[in-house]
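Q: Have a look at the structure that comes next, please.
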Amino acid sequence: MKTANQPIGKGVKVAIIGGGPAGLSAAIELGRLPFVDWHLYEQKPTISEIGTGITLQRNTWVLLEKLGASRHLRTSDIFRPADGHDNQYRNGVTGEVVKQTHPPVIIPHQGPCRVHRGKLQRALLKEVDQGRIRTGEKLVSIEQEHDGKLRLSFASGFSTKVDLLLGADGIRSTVREFAFPSYNISYSGMTAYRAVVRASEAEQINGLSKAMIFWYSAKNRWIYTTPLDDNDWEITCRTREPDDGDRSSWGKEVSVKKFIALFNEYCEPIQQLLSLVTRVKRFDYFGGRRLDSVVRHGSVALLGDASHPLSGAFGAGAAFAMEDAHVLAGAIRWAASAGRGLDVALRVFDDVRSPHYRNLYQTLDDIAVAHQKTFSEASSVDEEIVGQINNVSSSNRNWMYYHDVSHENLNLVSPVAYD
Ligand SMILES: Cc1cc2nc3c(=O)[nH]c(=O)nc-3n(C[C@H](O)[C@H](O)[C@H](O)COP(=O)(O)OP(=O)(O)OC[C@H]3O[C@@H](n4cnc5c(N)ncnc54)[C@H](O)[C@@H]3O)c2cc1C
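The sequence shown: position 128 = 128 (UniProt numbering), numbered continuously.
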C-alpha cells in the first residue's frame, strides 16, 4: 500500500467512525498529535449514550486521568461504595450474601464506582475539539483507491478520502465489515433488561443495601442492582432467551409486566425493587469469534467493541476502548518519530492489543467451561448459585481491571522491534 509505508508526515488524514467511548478517546488522543488531521463521524444526530450505568474500575480511572476527562466527573456524579468493594455477590433467591470482592491496594480516587453512561460520555466529550465532530453522518461504504487511500461515503452524500480509518463504530461495525468481509456476529442467546428507578424509593426497601450487587439465580441468570448517584438506582437483569426472530434490538422498550414476570423466583427485596420500574429496555447480546488481528490493509484499525465483538466483557468494555485509543496514538507517535509509516504503527497496535483480546476470549471460555461443570455437578439451586459466583469472581480474572496498558506499550515499542 503506497501511503501505508510512507513515513508519517504532517497532515496525515484520519477518520474516526463512532462517537462512543472508543471514538471520543481516540479523538482526544489524536488531538494531541499535531501532525494528525482527524475528524470524527457519528451516525446519531448528537453524541449520546443509551443504556444505564457503567462501572469504572482502576484502569478506567487511569485512562480517564490520562485523557483529562476524570476532572469532569465529580464525586456527586458517581456511586462509590464506602467500603471500597468492587462487587457483592448474593444468592438472588434467598437474598444471602455469598461473597464480596475488593480490588487490590488502590488509590482511593481510582476505586471502583458506578456512573450513568451519559455522564461518562459527556466527560470525554468535554476534552474533544468539537469542531472536528460531524454528527448525523452514517458511514455506508468504503473503497480503497489506487494510491492506497480510503474513500469513505456517508448516507448524507458526503464523501472524504483518508490515510487511516479507525473503526470505533461498536459491535455492528461497518468498518469491520469492510476490513473482514467474511466475519459475522450472531445472537448469543443472552439478553439484558435495563431500568432506572428513583433512589429515594429504592432506599426504603428492607434488605437492599447501597452496594454494587450481583444477585445470582440458576442457569447463569443475574440481576445487578446499584445506586448510580444520589437520585437514581440502576437495575440490569441478564437472562437466557431463545431466538424468536426479533433479536436485533439494542435498547428497545418492552412491557414492564412481562419483564417482571421473568424474574419471579427472586427474593422479596428484588420483587419490591422491580415493582418500582416504570420503563424498561431490552438489549440483546450479540457476539462473534475472536478476530486474529485488529488491523487491516495498513490503513484500518478497529477500536473498542468493533475489535472484540463479544457479549459481555466483564464490565470492562469502556476501559478497553480507551486503552485501544491510548495504545494506537502511542504507536502513531512513535512511528512518526522513528520515520516509519502507518503500517508499522498499526503493527505495533496489533501486537499490543490482539494478545489482550486473546486473553479476554480465553477468560470467557474458561468461565463457560467452569459454568458447565457447575451446572452438571450441583445438587441444588443454592449450590449452583455459589458455584457460578465462584467461577466469575475468582481473583485471577481481575487482570483486566488492574493492568496498566502504558507499560505493555512501552515494552513493545523499541527501536529495533520493527526493523
Ligand atoms: C449490558 C452491557 C453492560 C455493560 N456494562 C459495562 C460496564 O459496566 N463497564 C464497562 O466498562 N463497559 C460495559 N459495557 C461495555 C461498554 O458499554 C462498551 O464496551 C463500550 O460502550 C464500547 O464503546 P465503543 O465506543 O467501542 O462502542 P459504542 O459505545 O457502541 O459506540 C459506537 C458508536 O458508533 C456509532 N456508529 C455505529 N455505526 C456507525 C456508522 N456506520 N457511521 C457512523 N457512526 C456509527 C454508534 O452510533 C455509536 O455511537 C457493557 C455493555 C453492555 C452491552
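From the three backbone atoms N, C-alpha and C, an ideal C-beta is built for every residue, glycine too. Fair warning: this is a prediction, and the values are worked out from it, not measured in the lab.
Confirm the yes/no value for this check: CB of Pro21, any heavy atom of ligand 1, distance under 7 angstroms.
A: True, at least one ligand heavy atom lies under 7 angstroms from that Cβ.
Q: Take Val128 and list the residues in its own chain whose beta-carbon comes closer than 8 angstroms to its own, dropping the five residues that flank it on each side.
A: Here the set comprises Leu24, Ala27, Ile28, Gly31, Leu40.
Q: With a CB to CB cut of under 6 angstroms and the five nearest residues on each side skipped, what residues in its chain are close to Gly167?
A: Answer for Gly167: Ile17, Ser173, Val175, Arg176, Leu302, Ala306, listed in chain order.
Q: Is the beta carbon of Leu262 less than 8 angstroms from the beta carbon of Thr239?
A: Yes, these two residues count as a Cβ contact at 8 angstroms.
Q: Beta carbon of Asp229: closer than 7 angstroms to some heavy atom of ligand 1?
A: False, no ligand heavy atom lies under 7 angstroms from that Cβ.
Q: Compare the Cα-Cα distances from Pro81 to each of His403, Thr225, Asp382, Ala378 and report the closest residue.
A: The shortest C-alpha separation from Pro81 is found at Thr225.
Q: Beta-carbon within less than 6 angstroms of Asn5's beta-carbon, same chain only, minus the 5 sequence neighbours each way: which residues are those?
A: Hits under 6 angstroms: Gly341, Asp343.
Q: Considering only heavy atoms of ligand 1, does any lie closer than 7 angstroms to the CB of Asp305?
A: Yes, the beta carbon of Asp305 sits closer than 7 angstroms to at least one heavy atom of ligand 1.
Q: Can you look up Leu40 in the DSSP assignment and give me helix, strand or coil?
A: Strand.
Q: Pairing CB atoms from the region 357-376 with CB atoms from the region 76-92, are three or more of them under 8 angstroms?
A: No, the region 357-376 does not touch the region 76-92.
Q: According to DSSP, His116 sits in a beta bridge with which residue or residues?
A: DSSP, once it has assigned bridges, lists Gly53 as partnering His116.
Q: Measure the CB-CB distance between Phe214 and Asn87 and report whether it falls below 8 angstroms.
A: Taking 8 angstroms as the Cβ cut-off, Phe214 and Asn87 qualify as a contacting pair.
Q: Does the contact criterion of 3 or more C-beta pairs under 8 angstroms hold for the region 280-295 versus the region 331-340?
A: Counting Cβ pairs under 8 angstroms, fewer than three are found: no touch.
Q: When you compare the CB positions of residue 443 and Gly315, do they come within less than 8 angstroms of one another, or not?
A: With the chain covering only 1 through 419, there is no way to say anything about residue 443.
Q: Any chance the CB of Lys281 is under 7 angstroms from a heavy atom of ligand 1?
A: The answer is no for Lys281.
Q: At the level of alpha carbons, what is the spacing between Ile270 and Lys210?
A: If you take the alpha carbons of Ile270 and Lys210, they lie about 13 angstroms apart.
Q: Does the Cβ-Cβ distance between Val300 and Ala195 come in under 8 angstroms?
A: For Val300 and Ala195, no; Cβs fall outside 8 angstroms.
Q: At a threshold of 7 angstroms, does Ile78 count as lining ligand 1 (C-beta to nearest heavy atom)?
A: Checking every heavy atom of ligand 1 against the Cβ of Ile78, none is found closer than 7 angstroms.
Q: Could you check if Ser217 is buried or exposed, using at least 16 other CB atoms within 10 Å of its CB as the buried criterion?
A: Ser217 comes out buried.
Q: Whose C-beta lies closer than 6 angstroms to the C-beta of Gln57 among residues of the same chain, with five residues either side of it excluded?
A: Within the same chain, Gln57 has close Cβ partners Pro112, Tyr401.
Q: Starting from Tyr266, trace the alpha helix (DSSP H) in both directions and tell me its first and last residue.
A: Note, Tyr266: premise wrong, no alpha helix (DSSP H); not H, not E.
Q: Alpha carbon to alpha carbon, how far is Met212 from Pro227? Give it in angstroms, no decimals.
A: Roughly 7 angstroms separates the two Cα atoms.
Q: Going straight from the alpha carbon of Trp61 to that of His146, what length do you get?
A: Cα to Cα, Trp61 sits roughly 43 angstroms from His146.
Q: Counting only the same chain and skipping the five closest in sequence on each side, list residues whose C-beta sits under 6 angstroms from that of Lys13.
A: Once the five neighbours on either side are set aside, the close Cβ partners of Lys13 are Asp37, Val162, Asp163.
Q: Is DSSP giving Arg279 helix, strand or coil here?
A: The answer is coil: DSSP assigns Arg279 none of H, G, I, E or B.
Q: Report the rounded CA-to-CA distance for residue 421 versus Gly11, giving the unit in angstroms.
A: Here the chain covers residues 1 to 419 and nothing more, so residue 421 does not appear.
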